[in-house]
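Going down the list, the sequences are from chains A and B.
Take any residue in the first sequence, note its place counting from 1, add 49, and you have its number in the working numbering.
Take any residue in the second sequence, note its place counting from 1, add 405, and you have its number in the working numbering.
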Amino acid sequence: MNVLHRDGSPIEQSRDTHRYVGHRHFWERAALSRRQFMGTAAGVTGAVLTSGFWLPALASADATTAANPIPGGIQPFGPGTEVFHVFLPGRGAEPSTIFDLNGFVGLANVRGMGTATDTRSGATSRLIYDVDNRFMKGVFVGTDGKHHNGAFAFI
Amino acid sequence: MPNDSVRVNLGAGRASLNVADRDVEDYGTIVNALLDGPSVPANVSFRIEWSGENRVADLIDPVNRFTGRYIENSATIEWSAREEGFTFVSDPAETTTTEFALIGRERNGVFFHG
C-alpha cells in the first residue's frame with residue numbers, strides 16, 4: 050500500500066498494511082519491565098510514564114464532546130488482534146489519532162534524560178526517556194455527528 | 406486542556422503544546438498500558454516546542470483517508486511527573502534529541518476529498 054505525494058510519487062511502501070515504518074526500539078522497549086527500565090545512567094535505562102496511552106486527551110470549549118478515532122492503526126499483538134488507533138511516528142504515517150479533523154497536527158518523538166527522585170528516601174537517579182506526544186487542533190466531527198472546534202493531545 | 410494550550414504558526418514553522426498538571430495513569434510498561442492493566446495515578450506537566458524546517462511534504466493517503474502538508478522539523482520538551490513516592494524532572498529543553506517531529510495542516514475522514 051502506497052502513501053503518495055501529491056504528484057503521485059510514492060513516499061514509501063509498507064509491506065504490511067497494518068504497520069507503518071516506525072522506530073524499532075519501540076517494540077524492543079515493550080518487552081521490558083519497569084524494573085528493567087529504570088536504573089543508572091551507566092546502563093540501558095528508561096523512564097516510562099505511560100499515560101492513558103491510546104486515548105487523546107480532550108481539550109477546549111467542547112469539553113464534553115468526544116472525537117472519533119482514526120479507523121486504522123497498529124496491532125502490536127499481531128494480526129487479528131485489537132487495533133490501537135495510532136500509527137507509529139514516521140514519514141508518511143498518519144500523525145493524527147482522531148478522525149474527521151480539519152486542522153493542525155503536531156508530533157514530537159523525542160528523547161532525553163532527567164532526574165528521578167524517590168520521595169521517601171530522597172535518593173536520586175539519572176534516567177532516560179523516549180516520548181511520543183502529539184496534538185490535533187481544529188474543526189472536528191464529534192461522536193454526536195456535529196461539528197466542533199477543539200484541541201486534543203496524545204500524551 | 407484549554408484550546409490555547411496549542412499554538413501553531415505554520416508559516417514560521419513553529420508550534421507549541423503546553424500541558425500543566427494533567428492527571429494521567431502510570432502503567433509502568435508499554436505492554437501493561439496496551440492491556441489496560443494495573444496503573445497508579447500520576448500527574449504530568451510539559452511544554453513542547455516545534456521549530457525549524459527540515460523537509461516539507463504534501464501527502465495524500467486514500468486508504469487511510471488523510472491528506473496534508475507537513476513540515477518535518479525538530480522539537481524540544483521539558484517535562485515533569487509525579488506520583489506517590491516518585492518524581493521526575495527532565496533536563497532542560499535544549500538537551501532534547503529529536504527522533505522524528507512534524508507539524509502540519511491536515512484533513513482526514515469526512516474532510517478528506519481524495
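Where a beta carbon is used, it is the ideal one built from N, C-alpha and C, also for glycine.
It should be emphasised that the depicted structure is a prediction, and the values quoted were computed from it without experimental measurement.
Minimum C-alpha distance to residue i - residue among the options
i: Leu156(A); options: Asn198(A), Val190(A) and Pro144(A); result: Pro144(A)
i: Arg140(A); options: Val494(B), Thr500(B), Ala486(B) and Leu507(B); result: Leu507(B)
i: Thr503(B); options: Thr114(A), Gly121(A) and Asp181(A); result: Asp181(A)
i: Asp496(B); options: Lys195(A), Gln124(A), Leu176(A) and Gly199(A); result: Leu176(A)
i: Arg487(B); options: Gly442(B), Tyr432(B), Ile435(B) and Val449(B); result: Val449(B)
i: Ser421(B); options: Pro467(B), Asp431(B) and Asn408(B); result: Asn408(B)
i: Phe451(B); options: Leu464(B), Asn459(B), Thr481(B) and Thr472(B); result: Thr481(B)
i: Asp179(A); options: Phe203(A), Gly161(A) and Phe126(A); result: Gly161(A)
i: Phe148(A); options: Asp193(A), His196(A), His197(A) and Pro120(A); result: Pro120(A)
i: Val429(B); options: Ile435(B), Arg470(B), Gly509(B) and Ala447(B); result: Ala447(B)
i: Gly163(A); options: Gly490(B), Ala438(B) and Thr500(B); result: Thr500(B)
Identity of the residues DSSP links to residue i by a beta bridge
i: Phe203(A); result: Arg183(A)
i: Asp409(B); result: Answer by DSSP bridge pairing: none, since Asp409(B) is not bridged.
i: Ala155(A); result: A small correction: the amino acid at residue 155(A) is Gly; Ala does not occupy that position in the sequence shown. Looking at the DSSP assignment, Gly155(A) forms a beta bridge with Phe184(A) and Ile508(B).
i: His197(A); result: Phe189(A)
i: Gly163(A); result: Leu176(A) and Ser495(B)
i: Pro446(B); result: Glu430(B)
Other residues of its chain near residue i: CB distance less than 7 Å, five sequence neighbours each side excluded
i: Gly457(B); result: Gly418, Asn478 and Ser479
i: Phe493(B); result: Ser485 and Ala486
i: Arg460(B); result: Glu477
i: Gly442(B); result: Tyr432
Distance between beta carbons of residue j and residue i, contact taken as under 8 Å
i: Ala116(A); j: Phe201(A); result: 6 Å
i: Gly473(B); j: Arg427(B); result: So it is not a contact: roughly 26 Å between Cβ atoms.
i: Pro467(B); j: Gly514(B); result: That belief does not hold up - the Cβ atoms of Pro467(B) and Gly514(B) are roughly 13 Å apart, past 8 Å.
Same chain, Cβ closer than 8 Å to residue i, five either side skipped, listed in chain order
i: Gly152(A); result: Met185, Lys186, Gly187, Val188 and Phe189
(request) Note down, in chain order, all residues in the stretch 153–182 of chain A with a beta-carbon under 8 Å from any beta-carbon belonging to chain B. (result) Phe153, Val154, Gly155, Leu156, Ala157, Asn158, Val159, Arg160, Gly161, Met162, Gly163, Thr164, Ala165, Thr166, Asp167, Thr168, Arg169, Leu176, Tyr178, Asp179, Val180 and Asn182
(request) Could you please tell me which residues of the stretch 498–510 of chain B, in chain order, have their CB closer than 8 Å to any CB of chain A? (result) Thr500, Thr501, Thr502, Thr503, Glu504, Phe505, Ala506, Leu507, Ile508, Gly509 and Arg510
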